[in-house]
């Protein structure tokens, strides 16, 4: 977690001020820390869209500036920075940083190049920030001075661990080797930090001819020559191959083929176009892509099976609820019918009592006759139900006498 930002540390690794003018000391004019001010103005209206073409790992739109600025800010404020490089950063921390980027931009996470674009830019900004911190360390005369100086860009315990690593013999040996390898570099370009993908978008149709594009990105307008002798050699070789083919065959596609034949190939990297352009599919890359698609397919199948199981359980629960509802409704209907029947029975009993004439024999015989006739009419069977009626009449008669 970054505690703050020191403008001088970010730009030069020193804390020198401009000499006094009229008795007042003024701060040196320089580029300040990234504050994402413009980004926040744009972000409050919603997620920021990005145009990422198929086969590319970089935005090719004006919002690319917002993307790189935001990724830099996320690294400086949320990356732990204790690891030696982005490749060894913990998977959980990488996932957290990726999710922070996804929370600000519209990305199609079903496309692999969108994954690679986000992680690649996070890794680049992570390594850039470490280089920035290392410049502060090298600006000190001694290792002890660096430990005492510290920096507000990272927490003190993180700075201490970084200094211990930079002061080790193993790191110094590796650093010298990397410096020597850098000096052997025979090809460079003049585009600065702007990606080739963004530059192709800005140049428009003129960038379709990759031979002309190569000269545009490796020619120093200030010196009026190529940036290195090797870049000039590559360009001349491309032109010679173009002159060898027929004029009607000298198309942008032919220039593209010659461009790649002269510069060669590198695993996961297109020479002359940077890491933002995905190389043509090779057998190994195709197998890796098929394996990735197989994993995604298996994941989706498992999710579909899980959702189907949950749906079946929900249907089963709904059916059980319907059965319970029907059973409850039936019990309620039976209870209502029983209460109505009891009230009717009590009413019939009072009618029978009055018909018996206070308990005389003629009234009782009349009651039995009426009961038998009612049983026959309602039941359709004389023998069935007669005993029950007689029991009812007898019980009534017993109460009368």
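Residue numbers (this note's numbering): 41 to 441.
For glycine and all other residues, C-beta sits at the position ideal for the given N, C-alpha and C.
query                                                                                                                                                                                           : result
Report yes or no: do three or more beta-carbon pairs, one from the segment 243-263 and one from the segment 292-304, lie closer than 8 Å?                                                       : yes
Identify, in the order they occur along the chain, each residue of the same chain with its Cβ nearer than 7 Å to the Cβ of residue 87, setting aside the five sequence neighbours on each side. : 144, 145 and 146
Enumerate in chain order the residues of its own chain whose CB-to-CB distance from residue 200 is below 7 Å, with the five nearest sequence positions on each side excluded.                   : 187
Rounded to whole angstroms, what's the CA-CA distance from residue 350 to residue 341? Just pull it up for me.                                                                                  : 14 Å
Per DSSP, which residues does residue 236 bridge with? Please list them.                                                                                                                        : Answer is none; residue 236 lacks a bridge partner.
Output the boundary residues of the alpha helix (DSSP H) element that contains residue 203.                                                                                                     : 196-206
Distance check for residue 126 and residue 139, CA to CA, integer angstroms please.                                                                                                             : 16 Å
Give me the residue from 131, 132, 159 and 332 with the minimum Cα distance to residue 142.                                                                                                     : 159
For residue 177, count the other beta carbons within 10 Å of its own beta carbon; 16 or more makes it buried, fewer makes it exposed. Which is it?                                              : buried
To the nearest angstrom, report how far apart residue 373 and residue 346 are at their CA atoms.                                                                                                : 41 Å
Are residue 267 and residue 221 close, meaning C-beta to C-beta below 8 Å?                                                                                                                      : no
Could you pull out every residue in the same chain whose Cβ sits closer than 8 Å to the Cβ of residue 203, ignoring the five residues on either side in sequence?                               : 177, 183, 186 and 187
Which stretch, first to last residue, makes up the alpha helix (DSSP H) that contains residue 225?                                                                                              : Careful: residue 225 lies outside any alpha helix (DSSP H) and carries neither H nor E.
Taking the C-alpha atoms as reference points, what is the distance between residue 198 and residue 115?                                                                                         : 14 Å
If you reduce the DSSP assignment to three classes, tell me which class residue 399 lands in.                                                                                                   : At residue 399, the pLDDT of 47 sits below 50, so the modelled position is not reliable; the number obtained from the coordinates is stated separately. Correct three-state label for residue 399: coil.
Looking at the unbroken alpha helix (DSSP H) that takes in residue 279, where does it start and where does it end?                                                                              : 269-284
Indicate the three-state DSSP secondary structure (helix, strand or coil) for residue 99 in the structure shown.                                                                                : coil
Express the C-alpha separation of residue 358 and residue 89 in angstroms, rounding to a whole number.                                                                                          : 43 Å
For residue 92, which three-state DSSP category applies?                                                                                                                                        : coil
Let me confirm a value: residue 113 is counted as buried when at least 16 other C-beta atoms fall within 10 Å, else exposed. Which label applies?                                               : buried
Cβ atoms of residue 109 and residue 79: under 8 Å apart, would you say?                                                                                                                         : yes
Alpha carbons only, please: which of 106, 132 and 224 is nearest the one belonging to residue 118?                                                                                              : 132
With a threshold of 16 other CB atoms inside 10 Å of the CB of residue 289, please say whether the residue is buried or exposed.                                                                : exposed
Which whole-angstrom value is the C-beta distance of residue 226 and residue 270, which I expect to be below 8 Å?                                                                               : 4 Å
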